[in-house]
Amino acid sequence: MSPSPNTNNKASVLKWLPWILLLLVLAAFIWLFMSTKTTSEATWEPPRTPPAEQQASAPVADTPAPISSYHNAVARASQSVVNIYTTQTMAEHPYMNDPVLRRFFEFHGGPSQDQGSTNLGSGVIVSEDGYIVTNAHVIEKADEITVAFNDGRKSRAKIIGTDPDSDLAVIKVDMTGLTPLGFREDPIRVGDLALAIGNPFGVGQTVTQGIISATGRTGLGVNKFEDFIQTDAAINPGNSGGALVDAHGELVGINTVIFSRSGGSMGIGFAIPTALVEQVMNALIKDGKVSRGWLGIEIQSQLRDPTQLETSTGVEVLNVIDQSPAAKSGLRVGDIILTIDGVEMTDANTLIQYVARKPPNTELNAQILRQGKNAQVKIVLEERPAQEPTPRPVIIHDETLGGSGQPYLPDEDEEVPMMSEAERDRMREELLKLFE
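Residue numbers (the numbering used here): 8 to 443.
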């Protein structure tokens, strides 16, 4: 009796069933491995505002003119701006070594040991899992960082990385479910509306309005790498690290510095654009530092006299460092760099910013002018060597200086004037009489 067709079919199915199950298991393992690898290799991406929220936060107006309120944009952006408080432990006051002076200071509430100095600034939430971007000078030398959120919550924060050259820093709080502020995708334009959100003078979260006055500001002498957005929206002490947003509440820059003769806003404030923020943040989160390209040359702009109708652009090479990428490429002193990768080098700052945004091992194609003849030079960038940090200028305001607010770099060896031994003894005798 021959086996039935049904029996043959069942035998075939049972024969191939283990192989089918094996293939399914292998496919599951491959999928799991790829998803784990993708998650581990994922880099931080700037948050983007969904189109529906962009429409909802568009400026509201009862009539075609003028715009009556930016409430929706501010309401959405302000929940992503935080207040940052830093505490630095100070050394014991030198006069506290004297028991009589210690008694006097303790009685009158003078300086004590472990005295803390609290500073304030602002920051912007850029991820749901707690990453916050702020200015490097806001958290400089901080022993403890406290972040206060718009909804009243507070949390301690740890430093992920700082980049003093761009004055940016990334900190992180152990919280989830936060609301990151969406980055604007389109380039900001001169004349666009600007809203500055921060905590000026510690009065609480504040919003000021202005316009974008200029973009690409360099040569201010504030940071080593500058590409500032200029705005006339009021930016005051405490706004540092806060958000500069557009009319839709999307982030366009991080407020960082003001030009002032009085210490307050004079309508000239500067913010770090999101393109630079994104580059620095990715590097700090991934590596804890920022690696920048390095040419190894000293340069100066060719634009010398603004009163001349005919002036040459380009950047002149004043010095080439030995064994640097420029030296290896054959670049010489006296060469004038006209373009790099087709981008015109109008001045020294343009060249510095362009090279700094390229990672090491990037090949650049430079068009130069050498002894009146054009030439092409290929340069492979190396990592910029670590340099000694330079002290940030302290702005002082003295009526004897006409309120000019000139930058003042304190001498590293300069000390606060102290009382002489005779003055201290005289003060001690007077205090002893008071305590008798």
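Here a beta-carbon is modelled for each residue, glycine too, at the ideal position from N, C-alpha and C.
Extent of the continuous alpha helix (DSSP H) to which residue i belongs
i, result
"Gln-374", "Premise fails: Gln-374 lies in the beta strand (DSSP E), 370 to 377, not in any alpha helix (DSSP H)."
"Glu-285", "281 to 294"
"Ile-359", "355 to 363"
"Ala-203", "No alpha helix (DSSP H) holds Ala-203; the beta strand (DSSP E) holding it covers 200 to 205."
Bounding residues of the beta strand (DSSP E) (the contiguous stretch that carries residue i)
i, result
"Gln-307", "304 to 308"
"Ala-176", "175 to 180"
"Pro-84", "According to the sequence as given, residue 84 is Ala; it is not Pro. Unbroken run through Ala-84 is the alpha helix (DSSP H), 78 to 85; no beta strand (DSSP E)."
"Ile-139", "138 to 141"
"Val-322", "322 to 327"
Residues bridged to residue i (per DSSP)
i, result
"Arg-5", "The displayed coordinates of the chain run from 8 to 443. Any statement about residue 5 would go beyond what the structure contains."
"Lys-380", "Arg-377"
"Trp-301", "Glu-389"
"Gln-212", "None, per the DSSP bridge assignment."
"Gly-260", "Leu-251 and Pro-280"
"Phe-190", "Leu-258"
"Arg-224", "Phe-235"
"Ser-336", "Looking at the DSSP assignment, Ser-336 forms no beta bridge with any residue, so it has no partner."
"Ile-29", "One point to set straight first is that residue 29 is Leu, not Ile, in the sequence displayed. Leu-29 is not bridged to any residue."
"Gly-130", "Val-89"
"Val-350", "Ile-347"
"Gly-168", "Val-177"
"Ile-265", "Gly-276"
"Gly-217", "Ala-201"
Cβ pair residue i, residue j closer than 9 Å
i, j, result
"Leu-188", "Asp-253", "no"
"Gln-307", "Ile-347", "no"
"Leu-283", "Arg-224", "no"
"Asp-174", "Leu-291", "no"
"Leu-376", "Asp-342", "yes"
"Thr-222", "Pro-194", "yes"
"Asp-239", "Gly-276", "yes"
"Leu-200", "Ala-84", "no"
"Asp-234", "Ile-265", "no"
"Gly-260", "Ile-204", "no"
"Thr-213", "Glu-135", "no"
"Thr-94", "Ala-149", "yes"
"Gly-128", "Val-145", "yes"
"Gln-360", "Phe-190", "no"
"Asp-131", "Val-81", "For the sequence presented, residue 131 should be read as Val rather than Asp. Cβ distance not < 9 Å, so Val-131 and Val-81 don't count as in contact."
"Val-340", "Val-322", "no"
"Ile-242", "Ile-219", "no"
"Ser-298", "Pro-367", "yes"
"Pro-53", "Glu-285", "yes"
"Asp-172", "Asn-230", "yes"
"Lys-380", "Leu-371", "no"
"Gly-217", "Gly-274", "yes"
"Tyr-92", "Thr-56", "no"
"Lys-247", "Asn-142", "Reading off the sequence, residue 247 comes out as Ser, not Lys. Result yes, Cβ atoms of Ser-247 and Asn-142 sit closer than 9 Å."
"Tyr-516", "Ile-166", "The structure shown has nothing for residue 516, since the chain only spans 8 to 443."
"Asn-90", "Gly-256", "no"
"Leu-345", "Thr-369", "no"
Residue-chain proximity (residue i, chain D), Cβ-Cβ < 9 Å
i, result
"Ala-373", "Considering every chain present, this structure includes no chain D. It has just one protein chain."
So, do the stretch 174 to 190 and the stretch 144 to 158 have three or more beta carbon pairs nearer to each other than 8 Å? yes
Taking 8 Å as the threshold, find out whether the stretch 386 to 393 comes into contact with the stretch 291 to 302 through three or more Cβ pairs. yes
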